[in-house]
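Chains as they are written, first to last, in the numbering used here: chain E, 1 to 111; chain H, 1001 to 1114.
Reviewing the structure listed below.
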Amino acid sequence: DQQVKQNSPSLSVQEGRISILNCDYTNSMFDYFLWYKKYPAEGPTFLISISSIKDKNEDGRFTVFLNKSAKHLSLHIVPSQPGDSAVYFCAAEASYDKVIFGPGTSLSVIP
Amino acid sequence: DAGVIQSPRHEVTEMGQEVTLRCKPISGHNSLFWYRQTMMRGLELLIYFNNNVPIDDSGMPEDRFSAKMPNASFSTLKIQPSEPRDSAVYFCASSKDRFLDTQYFGPGTRLTVL
């Protein structure tokens, strides 16, 4: 049973608009969450993270929101750019335990 | 720093053959992870090491898979015998600390078993 879910396998957004990628988790012990970005033929790279003591973390065009009661987090990209086209992995970690990755969402930003 | 280095980048083999994937983590990193990416299951953790010691191998699919880390700068993932369902991209990643730390991924090895 997947503990980290990304129910949208793909998403298409117009350049300049907002991209919203969603992630749900089932394990209430998760207290640290990360987003990784992956281009074709490359390994994933870290994008942004959030601790469970926060509900928002922002880094430039990227903002992650965490709703602990709903066990839901989202990544907002504003404005979206063609270079943002990639696969985005949501990941979660419980204290002193391994990181669990979601299946990924493929984002296409259309010029 | 050169980042995490994996070799080979591509491997094509026939069913039943032994396959060895190699990884050199970033110098100074204490934890090393092996992942497999497939369309169906996404990115799944196979095994991870801390200070060269295997900590959790619960993700290793079966006895055909084995991993070693003889020293801080080298790790291998071996599949023997290989099967077509093992075809996937295998990633190695490393991090300074075992928990709550960014993992740095290598470029991956694309394995095709015919």
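Ideal placement from N, C-alpha and C gives every residue a C-beta, glycine not left out.
All values reported here derive from a predicted model rather than from experimental measurement.
Per-residue DSSP class, three states only, for residue i
i, result
"residue 60 of chain E", "coil"
"residue 1086 of chain H", "helix"
"residue 1056 of chain H", "strand"
"residue 1107 of chain H", "coil"
"residue 24 of chain E", "strand"
Beta-bridge pairing of residue i - partner residues as DSSP gives them
i, result
"residue 89 of chain E", "E:36"
"residue 48 of chain E", "E:35"
Euclidean distance between Cα positions of residue i and residue j
i, j, result
"residue 1044 of chain H", "residue 1036 of chain H", "5 Å"
"residue 68 of chain E", "residue 1017 of chain H", "47 Å"
"residue 999 of chain H", "residue 1032 of chain H", "Given that chain H is displayed from residue 1001 to residue 1114, the structure contains no residue 999 of chain H and the question cannot be resolved."
"residue 5 of chain E", "residue 56 of chain E", "20 Å"
"residue 1006 of chain H", "residue 50 of chain E", "29 Å"
"residue 32 of chain E", "residue 1056 of chain H", "19 Å"
"residue 11 of chain E", "residue 39 of chain E", "15 Å"
"residue 1113 of chain H", "residue 1102 of chain H", "31 Å"
"residue 102 of chain E", "residue 48 of chain E", "15 Å"
"residue 53 of chain E", "residue 96 of chain E", "17 Å"
"residue 60 of chain E", "residue 1081 of chain H", "47 Å"
CB-CB length for residue i against residue j, believed under 8 Å
i, j, result
"residue 79 of chain E", "residue 17 of chain E", "7 Å"
"residue 27 of chain E", "residue 72 of chain E", "Their Cβ separation, rounded to whole angstroms, is 13 Å, which puts residue 27 of chain E and residue 72 of chain E out of contact at 8 Å."
"residue 1061 of chain H", "residue 1015 of chain H", "In fact, because the Cβ distance is near 16 Å, the residues do not count as touching under 8 Å."
**Asked** Using 8 Å as the threshold, is the region 1067 to 1084 of chain H in touch with the region 1013 to 1021 of chain H, meaning 3 or more CB pairs across them?
**Response** Between the region 1067 to 1084 of chain H and the region 1013 to 1021 of chain H there are three or more C-beta pairs closer than 8 Å, enough to call the two in contact.
**Prompt:** Are the region 52 to 64 of chain E and the region 91 to 110 of chain E in contact at 8 Å, needing three or more beta carbon pairs?
**Reply:** no
**Message:** Under 8 Å, with one C-beta from each stretch per pair, do the region 1001 to 1008 of chain H and the region 98 to 110 of chain E reach the 3-pair mark?
**Reply:** no
**Prompt:** Is it a yes or a no for the region 36 to 43 of chain E touching the region 1102 to 1111 of chain H, going by three-plus beta-carbon pairs under 8 Å?
**Reply:** yes
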